[in-house]
Structures are given as structure tokens and as C-alpha cells.
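Asks: I have a structure I would like to understand better, so I am pasting it below and will then ask my questions one at a time.
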Amino acid sequence: IALTEDLQKYQAATEQDARPGASAAVGTEQRSAAAKIIGRTCEVFYEDGTTKKWYNAIIKSVRKDSRGIDRCTVELIGFQNTREYRFSEVRLVKPPHPAQCGPGTKCQAIFEEDGLWYDCVVKEQTEKGYRVLFTDYGNDEEVNFDQVRLGQSKQAEKKANVKEYVTPAGYRIPENLKIDPADSQKQKALKRRKIREIKAEQRKKMMDQDHLKVQNNWQKFMATQASTRSKSGFLTGKPKESIFKSPETLDGKVGVTNSGSKMTNFA
Numbered sequence: 251i252a253l254t255e256d257l258q259k260y261q262a263a264t265e266q267d268a269r270p271g272a273s274a275a276v277g278t279e280q281r282s283a284a285a286k287i288i289g290r291t292c293e294v295f296y297e298d299g300t301t302k303k304w305y306n307a308i309i310k311s312v313r314k315d316s317r318g319i320d321r322c323t324v325e326l327i328g329f330q331n332t333r334e335y336r337f338s339e340v341r342l343v344k345p346p347h348p349a350q351c352g353p354g355t356k357c358q359a360i361f362e363e364d365g366l367w368y369d370c371v372v373k374e375q376t377e378k379g380y381r382v383l384f385t386d387y388g389n390d391e392e393v394n395f396d397q398v399r400l401g402q403s404k405q406a407e408k409k410a411n412v413k414e415y416v417t418p419a420g421y422r423i424p425e426n427l428k429i430d431p432a433d434s435q436k437q438k439a440l441k442r443r444k445i446r447e448i449k450a451e452q453r454k455k456m457m458d459q460d461h462l463k464v465q466n467n468w469q470k471f472m473a474t475q476a477s478t479r480s481k482s483g484f485l486t487g488k489p490k491e492s493i494f495k496s497p498e499t500l501d502g503k504v505g506v507t508n509s510g511s512k513m514t515n516f517a
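In my numbering, the protein residues as written are 251 to 517.
Structure (C-alpha cells):
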């Protein structure tokens, strides 16, 4: 995995510090490079039992081990699990330029409770990074400058990558939200909350579809009735005859239906 620019600077500083006669200025440069890395968002491959995938994490500390290998300790966002990795196993998240993330920009940001990317809109730039509004859930959060990215919609990503299972009631739930007995209480509570939100959203869509179906059926029914309805009326386009129209004959009377017609002759 190619190292990012900040990691390369840190490695260069530590290599200079290891040379004979290294000055105090080099040590200061190393500490400065380390300070730029600590607190940065990165991606690490985490493997624990059945869990094997890339997670977003925060770099907490850096060091050089007894063999001269650069290492860093990271904390998985949303899980508080810490683990040490070699620099070659860490991928720093490359942030977009601030000019690309002005207010109103649609992008994705990492949600601190589970460490996943979600669709959002930038509200404003802050000293820390950005204040964003997560469009799926309505959360207003502040995120670090390197916890936003420009790219495809989360919905498109879900359709492409996330497998789903269907509940007996017909709800489609992502498989990664299945509650595992090994999950912590916080993880279980977070998954249950997301499942409720997904069900509420899908339930609203189902109700809208049912309403639209009823509306379409009613319109079809009214159109059918209009076609079988007689000779006059609003839905047929044929005007009704007014009882106040001019009589058809000289003997007819205004205001009398069929005025001027002869009476029925009963033989």
C-alpha cells in the first residue's frame, strides 16, 4: 500500500534521526511530523473472528519498535477498539480541498457512532472541519476535515455492495445490521435504532404506494362509469338540456320539459 505524504514525511524524519550525529533540529522535525499524523482519519483492515473488512479509524499514537519499524496505534471509529499496525498497513483518508466543500455541497461524511459513510450536505466550514447535515437521518454533526469525501451516493453504493434480507413483514434490511451475540450493548442498540429507522422509511413508501394504487383504481373506475353513463353530463362532455330553452313549436311553453311535443297517445 502506498504511503501518503504525511506518513512519508514522518518516515523521512525518523530515518534522519537514526543517523549518527543527528541534530536536535531533526528530532523536532520528527515530533512535528508525528503531530501531523496523530488524530488523522485512516482506514485499517480489521480481522476478529468472522469480521474481516476495512474500518475507519483515528490514529492515536506513533512509535518506532526495536527493529526500527514504524508503527501506529489506531482506534476504530464507533467501537473504541484499539490496535497497532505498521505504517504500510494504514491508509490515510485523503480529504477534498476546502474549496470543493462550500455550504450546500452534497457529499458523504463519517458518522462517529458507527464509523460508516453516509450522505450529507455541508452547512458550514468550521475550525475543526465541517458542520454537516446527514440527509438520511437528520443529524446535525461536526466532523473532521478528513472525514468527508466527494463521490457516489450512498444509496447507489448500498445497492451495489450491501446484501439484504427480507423480514416476514416484507422489510428489506442490510445484512450488516443483523445483531450478532458478540456485539456490545452499544452496537446492538445502534443496530436496533437503524433497523427501526429503515422500517419507518420503508413503511412510509409502502403507504404512499398503496395510496397511489387506490387513487389510480378510483380514477379508472370513474373513467369506466363515465363511458357507460348516458347521453349527457360533465364527464361525457355533452351538455344537459336546459328547461328554459326556447320551445321547439309555437305551442310550446318555456320551463316545461319536452315542451311542444305531443302527449303520449294511449290506445
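From the three backbone atoms N, C-alpha and C, an ideal C-beta is built for every residue, glycine too.
With a CB to CB cut of under 7 Å and the five nearest residues on each side skipped, what residues in its chain are close to Leu427?
Replies: Once the five neighbours on either side are set aside, the close Cβ partners of Leu427 are Lys441, Lys444, Ile445.
Asks: Just mark Ile429 as buried or exposed, buried being the case when its beta carbon has 16 or more other beta carbons within 10 Å.
Replies: Looking at its Cβ environment, which holds fewer than 16 other Cβ atoms inside 10 Å, Ile429 is exposed.
Asks: Taking the beta strand (DSSP E) that Val371 falls in, what are its first and last residues?
Replies: Its beta strand (DSSP E) spans residues 367-375.
Asks: Taking the alpha carbon of Ile319 as the point to measure from, which residue in Tyr335, Phe329, Asn306, Trp304 has its own alpha carbon closest?
Replies: When each option's Cα is compared against that of Ile319, the closest is Tyr335.
Asks: By Cβ distance, which residues of its chain are closer than 6 Å to Gln452, with the 5 residues on each side in sequence left out?
Replies: Same-chain partners within the cutoff: Tyr421.
Asks: Does the distance from the CB of Ala307 to the CB of Leu326 come in under 8 Å?
Replies: Cβ atoms of Ala307 and Leu326: closer than 8 Å.
Asks: What does the Cβ neighbour count give for Pro345, buried or exposed, with the cut at 16 atoms within 10 Å?
Replies: Buried.
Asks: Using CA atoms only, rank isn't needed, just tell me which of Ser311, Pro418, Gly379 is closest to Ala285.
Replies: Answer by Cα proximity: Ser311.
Asks: Return the CA-CA distance between Met457 and Thr474, expressed in angstroms with no decimal places.
Replies: So the alpha carbons of these two residues sit roughly 26 Å apart.
Asks: Using the three-state DSSP reduction, which class does Arg455 fall into: helix, strand or coil?
Replies: Before going on, a small fix: residue 455 reads as Lys here, not Arg. Lys455 falls in the helix class under three-state DSSP.
Asks: Would you check if the distance between the CB atom of Val371 and the CB atom of Gly352 is smaller than 8 Å?
Replies: Contact: no.
Asks: Which ranges would you report for the alpha helix (DSSP H) in the stretch 279-341 if only whole runs of at least 4 residues count?
Replies: You should have found no qualifying run.
Asks: Less than 7 Å between the CB of Lys438 and some heavy atom of the ligand FMN, yes or no?
Replies: Ligands are entirely absent from the displayed structure, and the ligand FMN is therefore not among its contents.
Asks: Among residues of its own chain, excluding the 5 on either side of Gln435, which ones have a beta-carbon nearer than 8 Å to its beta-carbon?
Replies: None.
Asks: Bridge partners of Gln358, per DSSP?
Replies: Asp369, Arg399, per the DSSP bridge assignment.
Asks: Helix, strand or coil for Asn394? Go by DSSP, reduced to three states.
Replies: DSSP places Asn394 in strand when its eight states are reduced to three.
Asks: Output the distance between the C-alpha atoms of Glu425 and Tyr415, rounded to the nearest integer angstrom.
Replies: Going from the Cα of Glu425 to the Cα of Tyr415 covers about 6 Å.
Asks: Can you tell me the Cα-Cα spacing of Thr385 and Glu391, whole angstroms?
Replies: C-alpha separation (whole angstroms): 11 Å.
Asks: In the structure shown, what three-state DSSP assignment does Ile423 receive?
Replies: Three-state result, Ile423: strand.
Asks: Let's see if you can read the secondary structure: which residues bound the beta strand (DSSP E) around Gly379?
Replies: Start and end: 379-384.
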